[in-house]
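*Asks:* Handing you a structure now.
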Amino acid sequence: MDKVYKHQDVEKKWYELWEKRGYFTPKVEPKKKPFCIIMPPPNANGSLHIGHAMFLTIEDIMIRYHRMLGDSTLWLPGADHAGILTQVVFERKLEKEEGKTRYDLGRDEFFRRCMEFTLSNKKIMENQMRAIGASCDWNRTSFTLDPKFNKPINMTFKKLYADGLLYRAKRMINWCPRCSTALSDLEVIYKEQKDPLYYIRYGPFVLATVRPETKFGDTAVAVHPKDKRYQRWIDKEFEFETLIGKAKMKVIGDDAVDPKFGTGVVKVTPAHDPVDFEMGQRHGLETKRVIDFDGKLNDKCGKYKNLNVYKARKIVAEDMQIQGLLEKVDENYTHSVAICERCKTIIEPMVSLQWFVKAKPLAEKAIRAVKNEEIKIIPKRFIKNYLIWMENIRDWCISRQLWWGHRLPVWFCGTKNLSELQLTMNPSLPKSNGCGEIVVSVNPPNSCPKCQNKNLIQDPDTLDTWFSSGQWPFTTLDFGQSNSKLTDFNYFYPTSVMETGYEILFFWVARMVMLGIYMTGKIPFEVVYLHGLVRDAFGEKMSKSKGNVIDPLNIIERYGADSLRMALIFGTSTGRDVKLGESKIEAMRNFGNKLWNIGRFIKINIDKFKEQNIKIREFNTKSDRKKLSAENKKILSQLGMLTQGVTREIENYNFAASAERLYKFIWHTFADKYIESVKEKLRQNDDETLSVTIYTYSSCLKLLHPFMPFITEEINFSLTRRDKPLISSHWS
RNA sequence: GGAUCGUUAGCUCAGCGGUAGAGCACUGCAUUCACAUUGCAGGGGUCGUAGGUUCAAAUCCUACACGAUCCACCA
1 MDKVYKHQDV EKKWYELWEK RGYFTPKVEP KKKPFCIIMP PPNANGSLHI GHAMFLTIED
61 IMIRYHRMLG DSTLWLPGAD HAGILTQVVF ERKLEKEEGK TRYDLGRDEF FRRCMEFTLS
121 NKKIMENQMR AIGASCDWNR TSFTLDPKFN KPINMTFKKL YADGLLYRAK RMINWCPRCS
181 TALSDLEVIY KEQKDPLYYI RYGPFVLATV RPETKFGDTA VAVHPKDKRY QRWIDKEFEF
241 ETLIGKAKMK VIGDDAVDPK FGTGVVKVTP AHDPVDFEMG QRHGLETKRV IDFDGKLNDK
301 CGKYKNLNVY KARKIVAEDM QIQGLLEKVD ENYTHSVAIC ERCKTIIEPM VSLQWFVKAK
361 PLAEKAIRAV KNEEIKIIPK RFIKNYLIWM ENIRDWCISR QLWWGHRLPV WFCGTKNLSE
421 LQLTMNPSLP KSNGCGEIVV SVNPPNSCPK CQNKNLIQDP DTLDTWFSSG QWPFTTLDFG
481 QSNSKLTDFN YFYPTSVMET GYEILFFWVA RMVMLGIYMT GKIPFEVVYL HGLVRDAFGE
541 KMSKSKGNVI DPLNIIERYG ADSLRMALIF GTSTGRDVKL GESKIEAMRN FGNKLWNIGR
601 FIKINIDKFK EQNIKIREFN TKSDRKKLSA ENKKILSQLG MLTQGVTREI ENYNFAASAE
661 RLYKFIWHTF ADKYIESVKE KLRQNDDETL SVTIYTYSSC LKLLHPFMPF ITEEINFSLT
721 RRDKPLISSH WS
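Just so you know, we're using UniProt numbering here: the first sequence kicks off at 1 and counts up by one.
Have a look at this one:
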């Protein structure tokens, strides 16, 4: 053994050997118990970051442990096309490198280029996963936008549609003017910001608003029904002066109005505000669109037409000031605005014709599965989060006006039933007459089933990326692809553990539970294990702009993957954010060094015994145990406790606790105490002691292998020269 | 507004009913010995605050303070 452990050479060597010999690929053996983790597919729009290293480590620990237990163990890797995010990332790249927009390329070319970009990222990412030591089955690697997934995804779409759980409707949606797409409620985040609050005059009323530019779309004024100041006005109409002439408006009474806010009077703009939309529905108000999908005022706004909302806001306020319609302005008003999660543009709420999943019926089963503990969530405190979200679930808008994603399996007979939005956004669509029939079909239909027209137009919209990834646990296992009895799906589904970050509990986990149960009749996984965010040493979120990003590959180069893996789980607590600084990684590298040197010490002794032709007895725990010296008995009993402890902690998903036990035992019990106390005996060629030392050490290597696979494998090989790698050895 | 989590040694965190623990940092000593990516020894905490339950409380309960996160339609 070399004096110094050289992870650079060792890690690559072992990974190649493991992969080449097929240890990552399980045999489907009906008699054997399966253990299966479907990897959360990383977004293929960049390289791996430390958060990926985190889940890869945790999952690899479970996978290696179960493989060593003898379970038929499948870890299925993949990559996510990550619809909107990738489109945004690629558009930025296009802008930066070529000065082009997606419109310059056109839809087909944009899609092709984006696919090229994504697939090349995927390849890079896969090699990065290898560098971390992820022992996943590359034969089954999947990509969410692989055409082979069209069929199962379309099947789901069709079934939902047939069951009345998927509908097309004109609803209030979150519109991102930059991405030019509708977003689900989850894809919107809120940001505190200071905006002027304008007190504007509406005939007899003064009311407060941050959006005076939407006044052209107002179709009522609302007050609280019990507000004594205004009660007499309810249901009455009033006439008043606006910037573009006289107008008439009705006063409504609605509980949604907070009498304590502003003057207690609000303008109601059903077309451009979610609360107002609901009020409009309750009171039968007209929904008057005044902002177009490009974020500009339309021709209902008179001379303000074509101004974008922010410019319009300023000008409208100024003009109102001039006309004496502006009472006062509160410049210190703070509120939160909705922004696009991915590109941070302020959301424009719009009424639009989109596809929605009726979520409640799906949620009911998803709630039951968790309540009756068919699905366990670890740590437990997330159960409440999950249940509260599920119980208050709202319909899910799944259509996107993006180019990067699965197309909706919807065909229109002629352009008649395409939405106005779709027609404007897709000017190249063939103008054709048809009966307007809407066909939902798994495969492209040849002709309209109603009028036999052959010119069907596929819905230009794409699916929310989470709609397809929400089916990942069964689509990757070839659900519905084969009639054979021994498919991956039949064997590995429901999968064992879904390990992922708590931040996508709703986005992903919740959807997988709903769609998994809906399509397969079974839960998609038995356990949900949620890990926390990796933060920097000071608890700050890592970000490129802050410059505090720890690049896992850089760390692996300098300290080795084992050190990084150990640092990511040592001293952590399930589901809590992890603070990671370089000193921790260094400490784990030192531990590896300690482990290495124990190995060297033992090897030196083995060699010495061999030189002197002293036979090292093969140690048999059962029969020889009683005859051993006191200290040998003691270390073996401590080892027994360690084995039990480590096993129990892994079974309980306390990976940190098991790693800490191993660290403590190997360094402070075995090296510092036992080996130090036994040195003299080894000098005197005591073969019993050497044999116990080897046995104890080998057992430690095995227990440590899931955590630090490379160094343990290398030492094990150097010590035994046997062609039986740890990856395939038996746990205990 | 609702919910959740956290507050324990200088730092990061474990412990979650029975005489305060780990890693890092710190101090002193050691070093041709497998390892200075080391060893030995040591300093350092009335476990956020105030009440309560208990023979016994970091540990259970109740308030409060501070910090963080999530959810919600703050015009």
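The beta-carbon is built from N, C-alpha and C at its ideal position, and this holds for glycine as well.
Would you call Gly106 buried or exposed, if buried means 16 or more other Cβ atoms sit within 10 Å of its Cβ?
*Replies:* Exposed, because fewer than 16 other Cβ atoms sit within 10 Å of the Cβ of Gly106.
*Asks:* What are the boundary residues of the alpha helix (DSSP H) that includes Tyr23?
*Replies:* Element bounds for Tyr23: n/a, residue is neither H nor E.
*Asks:* Taking the C-alpha atoms as reference points, what is the distance between Leu719 and Asn443?
*Replies:* Rounded to whole angstroms, Leu719 to Asn443 spans 59 Å at the Cα level.
*Asks:* Within the segment 152 to 223, note down every full beta strand (DSSP E) run reaching 3 residues or more, in order along the chain.
*Replies:* Runs of the beta strand (DSSP E) inside the segment 152 to 223: 166 to 176, 181 to 183, 188 to 194, 197 to 202, 205 to 209 and 220 to 223.
*Asks:* Using a Cβ-Cβ cut-off of 7 Å (strictly less than) and excluding sequence neighbours within five positions of Trp466, which residues of its own chain qualify?
*Replies:* Contacts found: Phe507, Trp508 and Arg511.
*Asks:* So Asp330 is in the beta strand (DSSP E); what residue range does that whole segment cover?
*Replies:* Asp330 -> beta strand (DSSP E) spans Leu326 to Asp330.
*Asks:* Quick check on DSSP: helix, strand or coil for Pro349?
*Replies:* Of the three classes helix, strand and coil, the one that applies to Pro349 here is strand, per DSSP.
*Asks:* Can you list, in chain order, the residues of its chain with a C-beta nearer than 6 Å to that of Ala44? Leave out the 5 residues immediately preceding and following it.
*Replies:* If we look at Ala44 and ignore the five residues flanking it on each side, its Cβ neighbours are Ala79, Thr118, Asn121 and Lys122.
*Asks:* Quick test of your reading: Arg313 and Pro212, contact by CB under 8 Å. State the CB separation rounded to the nearest angstrom.
*Replies:* Correct: roughly 6 Å between the Cβ atoms.
*Asks:* According to DSSP, is Tyr529 part of a helix, a strand, or is it coil?
*Replies:* Reduced to three states, the DSSP call for Tyr529 is strand.
*Asks:* Could you tell me whether the Cβ atoms of Phe492 and Leu515 are closer together than 7 Å?
*Replies:* No; because the gap between Cβ atoms is not below 7 Å, this pair is not in contact.
*Asks:* Taking buried to mean at least 16 other C-beta atoms within 10 Å of its own C-beta, is Met641 buried or exposed?
*Replies:* Flag for Met641 reads exposed.
*Asks:* Can you give me the C-alpha to C-alpha distance between Gln458 and Arg400, rounded to a whole angstrom?
*Replies:* The alpha-carbon atoms of Gln458 and Arg400 are separated by roughly 14 Å.
*Asks:* Of all the options Asn548, Tyr529 and Val528, which has the alpha carbon lying nearest to the alpha carbon of Asp536?
*Replies:* Closest option to Asp536, Cα to Cα, is Asn548.
*Asks:* Indicate the three-state DSSP secondary structure (helix, strand or coil) for Ala134 in the structure shown.
*Replies:* If DSSP states are grouped into helix, strand and coil, Ala134 belongs with coil.
*Asks:* Name the DSSP bridge partner or partners of Gly245?
*Replies:* Thr242, per the DSSP bridge assignment.
*Asks:* Go through its chain and collect everything with a Cβ distance to Met588's Cβ below 7 Å, but skip five positions before and after it.
*Replies:* Same-chain partners within the cutoff: Ser563, Met566, Ala567 and Phe570.
*Asks:* Rank Glu16, Asn632 and Ser72 by C-alpha distance to the C-alpha of Asp488 and give the top, closest one.
*Replies:* That would be Ser72, whose Cα lies nearest to the Cα of Asp488.
*Asks:* For the segment 83 to 90 against the segment 109 to 118, do three or more pairs of beta-carbon atoms, one drawn from each stretch, fall closer than 8 Å, so that the two count as touching?
*Replies:* Short answer: they touch.
*Asks:* Alpha carbon to alpha carbon, what distance is there between Met125 and His49?
*Replies:* The straight-line gap from Cα to Cα measures roughly 10 Å.
*Asks:* How far does the beta strand (DSSP E) with Glu499 in it reach, from first residue to last?
*Replies:* Per DSSP, Glu499 belongs to the beta strand (DSSP E) from Thr495 to Gly501.
*Asks:* Whole-angstrom Cβ separation of Thr209 and Lys267, contact assumed at under 8 Å?
*Replies:* 6 Å between Cβ atoms; contact.
*Asks:* Straight-line CA distance for Ala359 to Asp395?
*Replies:* One C-alpha to the other measures close to 5 Å.
*Asks:* Any chance you could list the beta strand (DSSP E) runs of at least 3 consecutive residues sitting entirely within the segment 377 to 405, in chain order?
*Replies:* Runs found: none.
*Asks:* Classify Val223: buried if its beta carbon has 16 or more other beta carbons within 10 angstroms, exposed otherwise.
*Replies:* Buried.
*Asks:* DSSP state of Ser336, grouped into three classes?
*Replies:* If DSSP states are grouped into helix, strand and coil, Ser336 belongs with the strands.
*Asks:* Round the Cβ separation of Ser691 and Glu631 to the nearest angstrom and send it over; I've been treating them as touching at under 8 Å.
*Replies:* Contact flag wrong, Cβ pair sits at about 13 Å.
*Asks:* Let me check one thing: in DSSP terms, what residues is Ser677 bridge-paired to?
*Replies:* DSSP output for Ser677 lists no bridge partner at all.
*Asks:* Report the three-state DSSP secondary structure of Asp9 (helix, strand or coil).
*Replies:* In the structure shown, Asp9 sits in a helix (DSSP, three-state: H, G or I).
*Asks:* Can you round the beta-carbon distance between Leu682 and Leu701 to whole angstroms, since I take them to be within the 8 Å contact cut?
*Replies:* Leu682 to Leu701, Cβ: 19 Å. No contact.
*Asks:* Have a look at Phe474, Asp292 and Ala82 and flag the residue whose alpha-carbon is nearest the alpha-carbon of Phe149.
*Replies:* Among Phe474, Asp292 and Ala82, the Cα nearest to that of Phe149 belongs to Phe474.
*Asks:* Using 7 Å as the threshold, is the C-beta distance between Gly295 and Thr287 below it?
*Replies:* No, the Cβ-Cβ distance between Gly295 and Thr287 is not below 7 Å.
*Asks:* Classify Gln644 as buried or exposed, calling it buried when 16 or more other Cβ atoms lie within 10 Å of its own Cβ.
*Replies:* Gln644 is exposed by the Cβ-count criterion.
*Asks:* Quick one: what does DSSP say Ile37 is sitting in, helix, strand or coil?
*Replies:* Strand at Ile37.
*Asks:* Out of Arg178, Glu611 and Thr269, which one is the CA nearest neighbour of Ile339?
*Replies:* Out of Arg178, Glu611 and Thr269, Arg178 has the C-alpha closest to the C-alpha of Ile339.
*Asks:* Tell me the DSSP secondary structure of Trp596 in three-state form.
*Replies:* Correct three-state label for Trp596: helix.
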